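**Q** Below you'll find the structure I mean.
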Amino acid sequence: MATYMIQSLLKTADDHMEHSPDDFHAHSHQITYEQLVRTYWCCFAQDCELSSGARQHFALSFRQISVPLPISDSDFTFGKSTPRLRPADMNCASLHAMGIRLGIDQGLTLVTRGFDIFVRILRFANESRRDRARGSCSSSMRIWNTLKEELDEWRSLQDITVRYPETSAPVHVALGYGELFAYINLVYFMSILFLYRDCLLSNPRASDLPEMEGDDTAEAIGHLFVVAQHIGAILSSLESCATPVITPYAGFSVFVAAHINMYGTVCPGRYPGGLARAEHEKKMNFEYLEGLCRFWDVGKSWWRTLQDANRFYETARPTQQGSVSDRPGHLTLAGTLDEYGDIRVSRPDLPAAQRRTIAAPAASTTTPTMRGRSTSAARRRSILELSEHGEFHDLETEMLQWPFIDETWAVGFDTGW
5 MATYMIQSLL
15 KTADDHMEHS
25 PDDFHAHSHQ
35 ITYEQLVRTY
45 WCCFAQDCEL
55 SSGARQHFAL
65 SFRQISVPLP
75 ISDSDFTFGK
85 STPRLRPADM
95 NCASLHAMGI
105 RLGIDQGLTL
115 VTRGFDIFVR
125 ILRFANESRR
135 DRARGSCSSS
145 MRIWNTLKEE
155 LDEWRSLQDI
165 TVRYPETSAP
175 VHVALGYGEL
185 FAYINLVYFM
195 SILFLYRDCL
205 LSNPRASDLP
215 EMEGDDTAEA
225 IGHLFVVAQH
235 IGAILSSLES
245 CATPVITPYA
255 GFSVFVAAHI
265 NMYGTVCPGR
275 YPGGLARAEH
285 EKKMNFEYLE
295 GLCRFWDVGK
305 SWWRTLQDAN
315 RFYETARPTQ
325 QGSVSDRPGH
335 LTLAGTLDEY
345 GDIRVSRPDL
355 PAAQRRTIAA
365 PAASTTTPTM
375 RGRSTSAARR
385 RSILELSEHG
395 EFHDLETEML
405 QWPFIDETWA
415 VGFDTGW
């Protein structure tokens with residue numbers, strides 16, 4: 005729908021949007037022109053948001069679009085005529101030459117460019133996993149570095165006043181920009197998260213990990229933990245200001261962060277703040293998604309997936325401290341979510357006697373549940389039940405790999421958006 009709206013805008017405007025705005029001399033025409041421009045870029049950002057991870061992504065390239073970017077909110081409000089940026093100008097060389105650093109007043113421009121980068125990072129995370137399976141690691145790493153450079157450049161263009169946690173959310177709530185501030189930072193945090201998940205989680209041996217701009221493995225895992233905390237913190241801060249952001253994209257951010265925080269409860273030694281902080285962050289993530297379910301159907305799929313994930317990690321916690329990690333086996337967890345948000349788990353057929361033997365420890369695990377839902381029918385799987393004989397991998401690495409998200413996850417939006 006967003007794509008159709010973009011095409012309709014260009015047709016209705018008789019392609020004037022792609023011409024110079026100086027062609028419109030009358031003040032009323034300038035306002036109309038800016039309204040069209042803003043609608044166009046809102047549709048572009050929405051299309052990126054809706055199609056994140058989808059197989060068929062919007063074909064337009066941000067830097068090749070000839071429609072100019074929106075002017076600042078204050079210039080638009082007061083009807084000031086001001087020089088316009090083009091998508092090709094969104095780089096350090098151009099903006100520094102103009103003496104421009106983008107603040108919350110240019111929030112729509114920042115979000116638009118951010119979503120353009122994020123959707124390509126998520127798409128890369130899906131495709132590079134398949135490339136590695138075919139032995140194309142070197143090309144994947146080149147693309148990883150290019151995307152990381154784009155993301156770092158986009159962040160460097162932002163004024164410090166729009167960066168969290170350097171600037172707090174309540175400041176922007178007071179100005180009426182709380183949600184926009186959240187989106188700028190959520191897009192950045194999610195991009196960082198998927199970049200480092202792709203680099204770490206798809207390489208089970210530490211010796212196979214490529215160089216990541218000087219970061220070693222421990223530092224990269226630290227990025228994941230810190231970003232997961234920031235996602236929950238910024239949304240919690242806005243909620244405390246009575247301006248909660250309850251949207252599918254925010255929910256997806258919390259859904260992904262929750263898996264990182266659950267991993268932190270199993271391996272708290274690397275988690276900033278230890279086990280207590282990891283448990284607190286996980287609890288906050290669950291509470292947010294529980295609230296999201298009241299507004300968006302897609303939240304229910306994420307909630308069900310988190311219940312399965314939590315059972316997995318609760319079972320893994322005692323296993324991580326026991327003797328199972330010494331046996332030559334590892335979890336067989338497929339790297340996908342299906343269209344219902346359930347995790348596809350590949351399990352070997354076990355003898356009936358072995359299934360009865362391993363059922364006991366799994367039955368003792370408990371998990372938080374959504375109000376009004378019974379846990380009696382919930383599926384409980386032990387680590388041993390999910391294991392198979394094969395090449396040894398560290399249990400920590402296997403837990404970090406779950407779940408990956410591929411192009412099918414966005415199908416859930418069909419019922420919830």
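In this text, residue positions in the sequence shown follow the working numbering: the first is 5, and each later residue adds one. Even for Gly, the Cβ is constructed at its ideal location relative to N, Cα and C. These numbers come from a predicted model, not from an experiment.
Tell me the residue span of the alpha helix (DSSP H) that contains C3.
**A** This structure leaves residue 3 out entirely; the chain is present only between 5 and 421.
**Q** What number of angstroms, rounded off, separates the C-alpha of T43 from the C-alpha of A224?
**A** Whole-angstrom Cα-Cα distance: 38 Å.
**Q** Between the Cα of D156 and those of I121, L179, G182, A129, spot the shortest distance and give me the residue it belongs to.
**A** Closest in alpha carbon position to D156, among I121, L179, G182, A129, is I121.
**Q** Could I get the ranges of all uninterrupted alpha helix (DSSP H) runs contained in the segment 113 to 189, with 4 residues as the minimum, in chain order?
**A** You should have 141 to 160, 173 to 178.
**Q** What's the call for I164, buried or exposed, on a 16-neighbour Cβ count within 10 Å?
**A** exposed
**Q** N189 to Q34, Cα distance in whole Å?
**A** Here the alpha carbons of Q34 and N189 stand approximately 31 Å from one another.
**Q** Compare the Cα-Cα distances from E243 to each of E131, S172, M266, V231 and report the closest residue.
**A** Checked all of E131, S172, M266, V231; the closest Cα to E243 is S172.
**Q** Note down the Cα distance separating V302 from A254, rounded to an integer number of angstroms.
**A** 12 Å
**Q** For L213, name the three-state secondary structure that DSSP assigns.
**A** Its pLDDT being 42, under 50, L213 is placed unreliably in this model, and the coordinates cannot settle the point.
**Q** Indicate whether F119 and I147 have their beta-carbon atoms separated by less than 7 Å.
**A** no
**Q** Do you know offhand how far M288's Cα is from T269's?
**A** 14 Å
**Q** For K304, collect the residues of the same chain with a Cβ closer than 6 Å to its Cβ; drop the 5 residues on either side in sequence, then sort them by chain order.
**A** Around K304: C297.
**Q** Do L161 and L89 have their beta-carbon atoms positioned less than 7 Å apart in this structure?
**A** Their beta carbons are not under 7 Å apart, which means L89 does not touch L161 by this criterion.
**Q** Keeping to the same chain, check which residues put their C-beta closer than 7 Å to that of R117; ignore five residues upstream and five downstream.
**A** F66, M94, W158
**Q** Could you check which residue in S85, I125, P74 has the C-alpha nearest to that of D109?
**A** Relative to the Cα of D109, the nearest Cα in the group S85, I125, P74 belongs to P74.
**Q** Within a Cβ cutoff of 7 Å, which residues of the same chain sit near G107, ignoring the five residues on either side of it in sequence?
**A** D163, T165, V166
**Q** Is the beta carbon of N265 closer than 7 Å to that of A313?
**A** no
**Q** Within the same chain, show all residues whose beta-carbon is closer than 6 Å to that of L310, passing over the 5 residues directly before and after it, in chain order.
**A** A262
**Q** Confirm, please, whether the CB-CB distance from P248 to W300 is below 7 Å.
**A** no
**Q** Please state the DSSP three-state secondary structure of W306.
**A** helix
**Q** Looking at the structure shown, is L106 part of a helix, part of a strand, or coil, going by DSSP?
**A** strand
**Q** I need the DSSP call for R377, collapsed to helix, strand or coil.
**A** A caution first: R377 carries a pLDDT of 41, below 50, which makes its placement in the model unreliable, though a value can still be read off. If DSSP states are grouped into helix, strand and coil, R377 belongs with coil.
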